[in-house]
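Just below is one structure, and these are the notes that go with it.
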Amino acid sequence: MEMFASAMRTLGTRLSAVWDVLRHGTKARHAGLVGGRLEFVDAMRAYAILMMLQGHVIELTLADIFRDPGNWLYAAWHHMRGVTAPAFFFASGLIVAYLLFRTPDTIDTERLKKNLWRGGRLIILGYLLQVSRYTFICLYHGDACFWNWASHTHVLHTIGVGMFVVTILAYVTRHFRWLFPVAALLLMHAAFVFGPMVTVQESLPGALQIFSTYVLKVHAAFPILTWLGFPLAGAILGFLVVELRLHERIWVFLLLPVIGYLIMSRSWFILHDMYSTWWTEYSEWLNYGVFTYFRLGEVLIIAGIIGLLTKVVTMPKAIHATAKETLGIYFLHSIVVYGSIFGIGMRTFWRHSLDFNVSIVLALLLVAVFIVYAVYAPAIRKHLPFMKYLK
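Basically the numbering used here = 1-based index in the sequence shown + 288.
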């Protein structure tokens with residue numbers, strides 16, 4: 289009888305330990321913090337940048353004959369490739385808000401300045417990537433094509449503007465911290481609901497044309513009036529992580545996919561009812577709005593899955609290094625893959641010309657190269673000081 293009681297006490301102790309892990313994660317893992325960094329955010333940033341990298345390589349090099357939407361493998365890859373940018377925007381907003389609000393009862397004013405500087409630097413680097421040797425040829429001949437570098441925007445511009453908006457919103461609500469998530473939530477929905485009304489236009493009237501390259505999809509890869517919703521959504525979670533320490537509780541990562549699924553399944557009905565009440569011509573707005581909400585739902589599902597993984601699996605140091613070097617990887621991959629600035633890259637030699645296997649091997653090889661770069665980036669910056677601007 290005593291042996292049975294002892295066995296039951298041991299079992300109870302172990303079950304209690306398991307329950308504590310399910311509620312709070314393992315204390316040995318510093319409750320999701322590694323070196324002062326949020327582990328699941330690092331994992332998410334690494335996932336987004338590496339998926340973007342392989343996606344860009346395969347999309348550029350894969351021959352047209354292999355682009356069969358009827359092939360489930362290609363269709364799945366093509367769909368998941370589209371999730372990487374929203375995931376990266378979401379993670380960027382999350383980490384910006386987390387760093388701003390981690391100071392109790394106030395915001396980190398030094399971080400405010402850093403965010404504004406970093407946001408501006410992202411926009412400048414974005415324009416730099418759009419400069420090529422043809423830009424200088426146009427300048428030499430006095431042609432208007434010199435201004436092509438300023439005629440469109442892409443991911444770095446959108447992230448930079450997103451950092452500005454989240455930072456300014458944090459500053460405005462600094463005396464009433466809990467106004468921040470409320471204001472961010474309202475702005476997020478405004479971006480997803482009303483942003484498409486401008487985003488799908490072909491041009492803007494009069495002086496508003498100066499904003500065209502940032503807000504219209506004919507000029508912007510990620511028009512800010514709509515895509516701003518993703519960093520705002522991430523900023524809400526970043527704020528709640530600080531205030532409620534959500535990253536310590538595993539149930540949060542179980543809940544995120546549920547919320548994501550509900551957003552994906554109900555967005556069409558909600559937007560359709562809203563648009564049809566006030567407008568008669570709204571199909572294009574509806575399609576774009578549903579698309580963004582659907583992507584947000586997918587991002588939340590991915591965030592939940594990655595968060596769960598970080599609770600049970602120790603992330604390799606290479607993953608943390610990759611998360612720290614996302615800007616450098618993005619900038620350098622644009623040169624290697626697309627030939628930005630120098631005009632010579634993979635696009636020059638292998639555009640839509642490789643078979644399935646070769647394209648995948650090339651993508652995996654480049655992923656491995658950039659992971660190695662991320663690991664040794666601090667040492668590289670010691671010898672190449674200008675690389676500090678890519679951190």
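By construction, the Cβ of each residue, glycine as well, lies at the ideal position given by its N, Cα and C atoms.
In this structure the region 605-612 touches the region 324-341; the number of beta carbon pairs closer than 8 Å is three or more.
Sequence-distant partners of Tyr570 (beyond 5 residues in either direction) whose C-beta falls short of 8 Å from its own C-beta, in its chain, are Tyr563 and Ser564. When Phe480, Phe499, Leu350 and Leu504 are compared, the shortest CA-CA separation from Glu490 is found for Leu504.
When C-beta atoms of the region 349-357 are compared with those of the region 639-651, three or more pairs fall below 8 Å, so the two segments count as touching. Counting only the Cα atoms, Gly408 lies some 20 Å from Thr514.
The beta carbons of Thr446 and Cys433 sit no closer together than 9 Å. Taking all protein chains in view, the Cβ of Asn575 is surrounded by fewer than 16 other Cβ atoms within 10 Å, so the residue is classified as exposed. Comparing alpha carbon positions, the residue from Val625, Ala479 and Arg390 closest to Leu417 is Val625.
Residue Met552 holds the alpha-carbon nearest to the alpha-carbon of Gly577 among Leu596, Val600, Met552 and Ala591.
Of the other Cβ atoms in all chains shown, 16 or more fall within 10 Å of the Cβ of Asn403; this residue is therefore buried. As summarised for the region 347-427, the continuous alpha helix (DSSP H) elements at least 4 residues long and confined to that stretch are 360-369, 372-389 and 397-417, given in chain order. Only exposed fits Phe630, as fewer than 16 other CB atoms lie within 10 angstroms of its CB. Nearest Cα to Phe510 within the set Val488, Gly522 and Glu531: Val488. Between the C-alpha atoms of His507 and Ser500 there is a straight-line separation of about 7 Å. The alpha-carbon separation between Asp330 and Leu534 amounts to approximately 16 Å.
Within the same chain, Phe328, Ala331, Met332 and Tyr335 come within 7 Å of Ile594 by CB-CB distance, once the 5 residues on both sides are set aside. Residue state for Thr568 is assigned as coil, using DSSP reduced to three classes. With 16 or more other CB atoms across the displayed protein chains lying within 10 angstroms of its CB, Gln342 is buried. Here Ala478 is not near Gly381, since their CB atoms are 9 Å or more apart. Secondary structure at Thr446: helix, using DSSP grouped into helix, strand and coil.
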